[in-house]
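Visitor:
Residue numbers (our numbering): 140 to 445.
1. On the DSSP bridge assignment, give the partners of residue 153 in chain order.
2. Since residue 255 contacts residue 300 with CB under 8 Å, what's their CB separation in whole angstroms?
3. Tell me whether the beta-carbon of residue 296 lies closer than 9 Å to the beta-carbon of residue 331.
4. Considering only residues of the same chain and omitting the five flanking positions on each side of residue 413, which have a CB-CB separation below 8 Å?
5. Find out if the Cβ-Cβ distance for the pair residue 284, residue 230 is shorter than 9 Å.
6. To the nearest angstrom, how far is the alpha carbon of residue 381 from that of residue 431?
7. Look up residue 183 in the DSSP assignment and say whether it is helix, strand or coil.
8. The beta strand (DSSP E) with residue 353 in it runs from where to where?
9. Would you call the segment 195-211 and the segment 154-165 touching, i.e. three or more CB-CB distances under 8 Å?
10. Distance check for residue 195 and residue 385, CA to CA, integer angstroms please.
11. Can you find the residues in the same chain that come closer than 6 Å, C-beta to C-beta, to residue 351, ignoring five residues on each side of it along the sequence?
12. Ignore the nearest five residues each way along the sequence and tell me which others in residue 249's own chain have a CB closer than 6 Å to its CB.
13. Between the segment 273-284 and the segment 302-319, do three or more beta carbon pairs fall short of 8 Å?
14. Do the CB positions of residue 319 and residue 377 come within less than 9 Å of each other?
15. Which complete alpha helix (DSSP H) runs does the segment 336-410 hold, if anything under 4 residues is left out?
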């Protein structure tokens, strides 16, 4: 049985009508470690961030199932009790490939993933010019994922995403989500909403299915905070650009400093300690915990003070 503690925990969260799952977007081990350190109850592995960090490419469907599943699995493996929701793009092909992708995500310990109705050469949901498959093809993807989940005896959460709003309108987008839920999806995700009225309406129209909200800085959807999202009735809200934005801004600043001055000056905390030094980064990634584990198991490799 491919049951996971994280997937079960996410299902418990979704069953609690008073709880909103708030996920920062992470794209690698370091951003995931920081989100865990701060204390988030769930994480979101962004497909755009995976493309940017692993390939140095834009979110245009260039990642493979292995790029995505392996990255999601690495993040999920940092703390198996914390649910990781991962982007699975279009499922990477027809029903057979969707089923294979689902199995890979399950085996990696991912708690949930979302599948969309764009063509395989997809693009970020907040870019123009998205092309869609027909409803039958989309529903077949969801059905294949649900069947793979059943076959694996897994409790992974399937999130149905539609990008139909931009080209086909609200009614068709909601109909697609309803069809996806009927085919086995657990959560509905309407991408690219442009008004708060739409954001409120879709929750009402899809009741009792839990709804998923995507907050993209610089995107087309109005940004609201967690309290507002909860008041609208959303069950999950992600901020997928959290890791990418911080890396983009921070690395830009540091690179400019080094290029212009020939050095990178140390940053200090309020009490005068070096902030963001090498040991800080290693500790975030588990330096002391690794040393303690080695010692407890009888090892001597890290007996010295790291």
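Where a beta carbon is used, it is the ideal one built from N, C-alpha and C, also for glycine.
Guide: Let me spell this out:
1. Looking at the DSSP assignment, residue 153 forms no beta bridge with any residue, so it has no partner.
2. 4 Å
3. no
4. 405, 406, 407 and 419
5. yes
6. 31 Å
7. strand
8. 350-353
9. no
10. 16 Å
11. 298, 326, 328 and 375
12. 211, 215, 223 and 225
13. yes
14. no
15. 365-371 and 381-400
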